[in-house]
Structure formats: C-alpha cells, structure tokens
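Below is one structure, written out as structure tokens; comments come after it.
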Amino acid sequence: MTSYLFEPPKIHALAVEGETARYPVARVFCVGRNYAAHAAEMGNEVDREAPFYFTKSPQAVLESGGVLPYPPGSQDVHHEMECVVALGAPVFRASEQDAAGAIYAYGCGLDMTRRDLQQAAKDKRRPWDLGKDGEGMAVLGPLTKAASFGAVGAQRIHLEVNGEVRQDARLADMIHGVPAIIANLSLYYHLGPGDIIMTGTPAGVGPVCVGDRLEGKIEGLAPVIVEIGEAA
Ligand code: MN
Numbered sequence: 145m146t147s148y149l150f151e152p153p154k155i156h157a158l159a160v161e162g163e164t165a166r167y168p169v170a171r172v173f174c175v176g177r178n179y180a181a182h183a184a185e186m187g188n189e190v191d192r193e194a195p196f197y198f199t200k201s202p203q204a205v206l207e208s209g210g211v212l213p214y215p216p217g218s219q220d221v222h223h224e225m226e227c228v229v230a231l232g233a234p235v236f237r238a239s240e241q242d243a244a245g246a247i248y249a250y251g252c253g254l255d256m257t258r259r260d261l262q263q264a265a266k267d268k269r270r271p272w273d274l275g276k277d278g279e280g281m282a283v284l285g286p287l288t289k290a291a292s293f294g295a296v297g298a299q300r301i302h303l304e305v306n307g308e309v310r311q312d313a314r315l316a317d318m319i320h321g322v323p324a325i326i327a328n329l330s331l332y333y334h335l336g337p338g339d340i341i342m343t344g345t346p347a348g349v350g351p352v353c354v355g356d357r358l359e360g361k362i363e364g365l366a367p368v369i370v371e372i373g374e375a376a
C-alpha cells in the first residue's frame, strides 16, 4: 500500500439526481465570452471561430448550499451564472457527435470572479489565474443526467441575488454550443469522466457583498445556491 507524506487533497464530489453515488470532480475547464451580450458588457469582441478557456483547480469546487467566504485579495468579486457540463466517457479529438455522447450530466454553476484582479491581469497581458481560481470560487449545484435533461436549447438560465434577477438569458444564446466546446477542448486534452466544463456566463454580471444569497437556476436542473460570508 502506498504511503503519503501527508494526506492527499480531498476529492470534491457532486450529488447526482437519482443516484446515491457521487460524481468526483477531476478538472474544471471554463469557457470565456460565450454569450455575445456578456462579451459586449465587458468591452470585448466575440470570437466565433473557436472558444477559449481558463481553468480552476479542483480545490476551487464548493458544493451548492454552502457559504463562500468573501475571496481574499479582492474588493470586487463578481457572480457569473453558468451551465455546467459533466463528462462521463473518454473524449479525444472527438467529432461533435461523439462529444455529445460523452456528456454525463448538466448542472448549475457559479464562476465566481475577482474582477479587479482579472482586469489587472488583462491590462498587463498576464494570466487570469488570480482572478478566476480561488478556494470555493467554482460553486456547483447537483447534477442532472443528460438523458433526463434532454437537449440544450431554449431553457432559461438566470441568477437571483437576494431574490432580485441579475442575469437572465437562454442557453440557446451560447455562441459555442456544448458539443462544439467539448469537441474543441478534446483537441488539447484527453478528456474523461470527472472533467467538467463551465460554459460561460450571460450578461448581467456584477459584484456580490457579504450577506448576499445567490440562487442560480436553469430550467430542468437543480439550482445552485450560495451565501457570501465574511472574509475568512
Ligand atoms: Mn465565466
């Protein structure tokens, strides 16, 4: 039996509707600028040729229903409500059809963002890691199996902060559809079970405050809920 010098990192896993077994998260990929209205509100051009990505460490996962202490080092943490796709089969250099067949489940997620640090990184042409990757900054709801959810289409995606709607769109507004994203990402990674993709946020992103209650919903999926707590 292998011995370790210290306890290996905790596995972050998600509940799956109708299953007792949980879905262990391996990698978290995120798509940038996948809704035209959000790209516009951030002052960016839309690239329809191909999606682009950033990642969050698996340790960034916070399960829905918890408290996210206000992330350190930022004065401007934003919410980004997103549709999350969880893979259930290996995918590498896949066609869109094969990519679609590898989707295990969907969920609601919040790509919490230290906007001030992300903007500073953009200004200096530096990577976004400090803006995007932080403890608890990938808040993920329970998963719903793809067969139960059906095809991605006109489902409403929206976010309420303290009961007030802040983001409101349709999944069909995505520039790059889910199979196209997976097929493209599979040009660069041997994707597989445990890998999840946050597929980008609609317009209406904005700052959160300590004490805020965020509830993100997509028609047909369990919501993602989080409360912003005092900085740890
Ligand atoms: Mn995002």
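Residue numbers for the sequence shown follow our numbering, so the first one is 145 and each next one is one higher. Glycine included, every Cβ here is placed at the ideal spot set by N, Cα and C. Every value quoted in this text rests on a predicted model; they were computed, and no experiment measured them.
Counting only residues whose CB is nearer than 5 Å to a non-hydrogen atom of ligand 1, the list in chain order is Glu224, Asp255, Thr345. For Met145, the number of other beta carbons within 10 angstroms of its own is below 16, and it is reported as exposed.
The beta-carbon separation of Ile372 and Gly355, rounded to 7 Å, stays under the 8 Å limit for a contact.
If you look at Leu231, you'll find it in the beta strand (DSSP E) that goes 225-231. In the displayed model, Val322 falls within a helix according to three-state DSSP. The way I'd put it, the segment 198-215 does touch the segment 257-276; three or more beta-carbon pairs between them come closer than 8 Å. The segment 325-334 and the segment 280-287 do not touch, with fewer than three beta-carbon pairs separated by less than 8 Å. When Cβ pairs closer than 8 Å are counted between the two stretches, the segment 336-355 is seen to touch the segment 232-244, the count reaching three or more. For Thr199, the pairing in a beta bridge is given by DSSP as Phe173. Val160 has its alpha-carbon roughly 16 Å from the corresponding atom of Ile369.
Just measuring C-alpha positions, the residue of Cys227, Glu185, His222 sitting nearest Met318 is Cys227. The beta carbon of Gln219 is closer than 8 Å to those of Asp260 in its chain, skipping five residues each way along the sequence. For Gly275, the enclosing alpha helix (DSSP H) covers residues 273-276. Taking C-alpha positions only, Glu163 is separated from Pro202 by approximately 22 Å. In the DSSP assignment, Tyr179 is bridged to Met318. With respect to the 8 Å criterion, Ala313 and Pro346 are classified as neighbours on the basis of their beta carbons.
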